[in-house]
Amino acid sequence: MTGVVGLVSYRSVVSGDEALRSFAQGPATLVQKSGELQNGLLNLKSSVMVAIVSDSAQLRREAEASYADVWRNLTADSDAVLAALEPAARSSFEDLRPVLDELRRVSDETFAAGVEGEASAALDAFRESATALDIFLKRLAALETSAAGTFTTPASDALLARIHANALAARIAMLGTIVLSADEEIAVADGQLKAADASIRADLKTLAATPGLSSASALADSWNTASATLSRFAAIGVANWQGKARTLLETRLEPLAHSAAERLDALDTATETAKQGFLARSENLYRQNEFVLLSLLAAVFALGAGLAFAIGRNLSHGLRQAVENAKRIGSGDLSHRIVHNRRDEIGDLLSNLCVMRLKLRAVIGDVALSSEQVASGSANASQAADLLSSGSTQQAAASEQASAAVEEMTANLRKTADNATQTERMAGQASINAARSGEAVAKSLEATQAIAEKIRIVQEIARQTDLLALNAAIEAARAGSHGKGFAVVASEVRKLAERSQHAATEIGALSQSTLLASEEAGRMLDQLVPDIRQTSELVSEITAACREQSVGIDQINDAIIQLDQVTQANAGAANAMSATSGELSMEAEHLETRVGFFHLGTDADALPGTLPPEFVALLGDLKPRERAGDVRALQAQAQAFVRAAPPAQKRASRPASTQGVDLQLGDAFERQSA
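In terms of my numbering, the sequence shown opens at residue 941 and continues consecutively.
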């Protein structure tokens, strides 16, 4: 019966799921896509209007992207709606696709016209034409000023005024082609622009032929630039893309969009009708399934009540027996045997109660023996903890004394390290000064050599001057009485040359002796600098060694402090252990009292009753645990094991560390207690 109810329920669920899927693929899709089509028409109009009236390039690019997305969505949504309609309803909307195709063609044409006709064309034309015309008019005014009263005549003045007026008229006509919307008015403005351009060009030719105004040819070049700007924007205005776009929007796109909206309204009505019909069919299917299920459930309840009464009577007896045995176990009676001959779940329960009684009896016996051992062991642990606490106190005092001695040693080593550092700094400075002295001596040696070279040059000049004075004396002798004065001058020059040569020789000797002394000083400094540098390096090594010793002493001090802390912690732990041992002894006595609550009976009472073989295997070995030996005997065995262990091997001495004192003691370090 339950299977029949389940099968009917399953079929109801399947039919409901099929109905829900049909609704999701049919009316729900129609309602959703129909609303999206209405929104698509509104977005289409918005994109076309933005393309027509926007003067921002960014907005126009966004409008182009939005326009493409709108038509993509309209196409997909219309296909989905027509596919979801029933065949009879679909035939009523066969004209929807042609209407949308025609709307697409007209909207593409309108959108393209709006994109071609920039709304900012008039403003751009006004700005650029103003710049070009301003340059032309300034040059025209400069020409009038330069020729005023000199080369001008009433005819030339009138010519210049007409050129100025036609330039302004040309600008107004160009703006008319941009801002007017009627093609006839735009054509008239374009004709006015061309007429003004032709008149200006003719007047400029006449002006260039006027005597004294030949510079008007440069003015013609300026007008050519301005005329090109005006003609370029006039061509945009003659195309009249804005007017064409507005005309297409008002005369063709709006009517087609209205027709499409009417067809979509009719489609909304059809989808609403389809939705209501589907809901009515779903309601009828639900009522049918509800009636069948209620009928089957009533039959199942009646049959279940009869079976429950029969099963209840069978279970009550077995459960009563299980409750009585559970009460006995709960009251501490573990000697009562549980006997039954059932082979159902109640029988399994009784068998498990029997296994639980037997195992609980064995566990309680083990707990009683263990509580006695715990009580004895806790007393011994308390005594050992007292001894450990006393030894830890003595160790703490010794470690404090060692810490004070190490601190004093650390202060001495730090002072030595500071003195070594200062000595290292002074040795380094002395090395630097010696090196600088060597450089100064080298430079002095070079300067002395340069002076000797210059003295040789002076000696050569004195020798040549002596030769010239000799030649002058010879020439004066040849000249006779006319050269006596010249001979006297030559004699004096010769004397000066000899004195200069003599002085240069003395200076050369002094320079040579100075050079020899400088070379000797340089050699001595060259020998002194490596010695000073080696001394600095030795002092650096001494400083590094002092630092390493200081670091090592710090590590020893830290280790002693840690040892002191560990010793104090051990003392605290020993006190806590002593207190814990007392509490453990009290808990063991309390446990013995609680175990006395259970009545275990004799070993004969422990034998199981009539249990199935599979439950007998669960009992395992229920032989009572033998009483463990005394705790003191176990401690003696542990001490004997420690004495029999091989002694710790000494580790090979490690090389001195370059980073400080090595405190790695390895296995040779053992913590000892009193």
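In this text, a Cβ means the ideal position worked out from N, Cα and C, and glycines have one as well.
Between the segment 1513 to 1531 and the segment 1319 to 1337, the count of C-beta pairs closer than 8 Å reaches three or more; the two stretches touch. Here residue 1114 is buried: its Cβ has 16 or more other Cβ atoms, across all protein chains shown, within 10 Å.
With fewer than 16 other Cβ atoms from the protein chains shown falling within 10 Å of its own Cβ, residue 1271 counts as exposed.
Apart from the 5 residues on each side of it in sequence, residue 1160 sits with its Cβ closer than 6 Å to the Cβ of 1144 in its chain, given in chain order.
Residue 1475 and residue 1367 have their C-alpha atoms spaced approximately 7 Å apart.
Within the DSSP bridge table, the entry for residue 1137 names no partner. A residue is called buried when at least 16 other Cβ atoms come within 10 angstroms of its Cβ; residue 1317 meets this threshold and is buried. The alpha-carbon of residue 1277 is positioned some 17 Å away from that of residue 1286. Taking residue 1485 as reference, the option from 1460, 1354 and 1414 with the minimal CA-CA separation is 1354.
Taking a cut-off of 8 Å on C-beta distances, the segment 1396 to 1413 does not touch the segment 1375 to 1384, as fewer than three cross pairs fall below it.
Residue burial annotation: residue 1008 is exposed, with fewer than 16 other C-beta atoms found within 10 angstroms of its C-beta.
Remark: C-beta atoms of residue 1258 and residue 1282 approach each other more closely than 7 Å. Here the alpha carbon of residue 1312 sits roughly 20 Å from the alpha carbon of residue 1299. Residue 1284 sits in coil when the DSSP states are folded into three classes, being neither helix nor strand. The beta-carbon distance between residue 1111 and residue 1170, rounded to whole angstroms, is 7 Å. This is short enough to meet the 8 Å contact definition.
Excluding its 5 nearest sequence neighbours in each direction, residue 1321 has C-beta neighbours in its own chain below 6 Å: 1521, listed in chain order. Using a Cβ distance threshold of 7 Å, residue 1503 and residue 1339 count as a contacting pair.
For residue 1471, no pairing in a beta bridge is given by DSSP.
Contact check between the segment 1463 to 1474 and the segment 1430 to 1449: fewer than three CB pairs, one atom from each, fall below 8 Å, which does not count as touching. Our two residues, residue 1387 and residue 1444, have alpha carbons roughly 17 Å apart in a direct line.
Between residue 1472 and residue 1343 the beta-carbon gap is near 42 Å, outside 8 Å, which marks them as no contact.
The shortest CA-to-CA distance from residue 1166 to any of 1134, 1303 and 1149 is the one to 1134. Taking a 10 Å sphere around the C-beta of residue 1397, we find fewer than 16 other C-beta atoms and assign the residue as exposed. For residue 1452 against residue 1390, the beta-carbon gap comes to about 13 Å, at or over 8 Å, which does not count as contact. The residue among 1507, 1461 and 1363 with its C-alpha nearest the C-alpha of residue 1377 is 1461.
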